[in-house]
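Position 34 (the sequence shown) corresponds to 1125 in the working numbering; numbering is contiguous.
C-beta atoms are modelled at their ideal positions from N, C-alpha and C, and glycine is treated no differently.
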Amino acid sequence: MYAFISYQTADKAFAGKIKNILKDVGIASFLAHEDINVSEEWRQKILEEIGKADLFISLWSANYNSSPWCIQESGIASFRKEMTIIPLSIDESIPQGFAGNIQAKKRIDLERLSIHDLMTGIIKADLNCGIEIIFTLIAGSMSFRGAEDNFKPLLPYIDSLSQEQGKKILEIAIENKQVHHATLCAREYLPPLMDKFGHLLSAKNNEFLKGILAEYAAES
1092 MYAFISYQTA
1102 DKAFAGKIKN
1112 ILKDVGIASF
1122 LAHEDINVSE
1132 EWRQKILEEI
1142 GKADLFISLW
1152 SANYNSSPWC
1162 IQESGIASFR
1172 KEMTIIPLSI
1182 DESIPQGFAG
1192 NIQAKKRIDL
1202 ERLSIHDLMT
1212 GIIKADLNCG
1222 IEIIFTLIAG
1232 SMSFRGAEDN
1242 FKPLLPYIDS
1252 LSQEQGKKIL
1262 EIAIENKQVH
1272 HATLCAREYL
1282 PPLMDKFGHL
1292 LSAKNNEFLK
1302 GILAEYAAES
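Below, the structure is given as structure tokens:
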């Protein structure tokens, strides 16, 4: 997967953080630059990068709306039907021009910005890629609350999981006690997965996770 990040230079801190967030989950990206005196070669580069990207992430702000070049980038992206557009608003500015029919996330905060702000778009672009990213986040959970927050984005897609994926997420839960001992995971999130995919686990793992879930069910 490849992303094009469209932003105005005054908002480069947001763009840089998004690039790093994507890099951490294995998604390469291109940072578009705002420059009034853009060279013909740079114009061509922009067109090429938009043309090959799977994701177009636009950072809407008063700065972005005042830039004809940024508005052009978002307009070009809007005509690529196979591209997934993720508009994010820095200051509650809304998408303009041809991108105006796409709802932006109301406001992002630089300090709290995370992969979760991008997951809906990533999953729309490539369901399996999105699921694998969620699996990685769940596996890396370092607290009960973190495990619950990381698990929640997976819930709408449980019926779409393959048997291999279903088995994998159960094994991830078994390996991380922050996951299998998180209250919401143990009482609500894992039981449906166990019912559907538990038979794929080894006898040892099946018995272990059944025991954990039974304990939490008895406490509820």
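Lys1172 counts as exposed, since fewer than 16 other beta carbons sit within 10 angstroms of its beta carbon.
Rounded to the nearest angstrom, the gap between the Cα atoms of Gly1166 and Pro1159 is 10 Å.
Restricting attention to alpha helix (DSSP H) runs no shorter than 4 residues, the stretch 1188-1271 encloses them at 1210-1216, 1218-1230, 1235-1242, 1254-1266 and 1268-1271, ordered along the chain. Here Ala1094 carries a strand assignment [DSSP, helix/strand/coil]. For a cut-off of 8 Å, the C-beta gap from Ile1263 to Phe1235 is around 15 Å, too long to register as a contact.
In the three-state reduction of the DSSP assignment, Phe1170 falls in the coil class.
In this structure, Met1174 places its C-beta atom within 8 Å of the C-beta atom of Ala1144.
For Leu1113, the closest of Gln1163, Ser1232, Thr1100 and Leu1204 by C-alpha to C-alpha distance is Leu1204. Gly1212 counts as buried, since at least 16 other C-beta atoms from the protein chains shown sit within 10 angstroms of its C-beta. In this structure, Ala1273 is the residue among Ala1273, Ser1180, Arg1134 and Gly1117 with its C-alpha nearest to the C-alpha of Ser1232.
The three-state reading of DSSP puts Ser1180 in strand, counting E and B together. In this structure, Ala1119 sits away from Leu1201, with a CB-CB distance that is not shorter than 8 Å. Non-local C-beta neighbours of Gly1289 in its own chain, meaning closer than 6 Å and more than five positions away in sequence, comprise Asn1297, ordered along the chain. Under the three-state reduction of DSSP, Ile1148 is assigned to strand. Of Cys1220, Phe1242, Ala1168 and Asn1156, the smallest CA-CA separation from Ser1180 is found for Asn1156.
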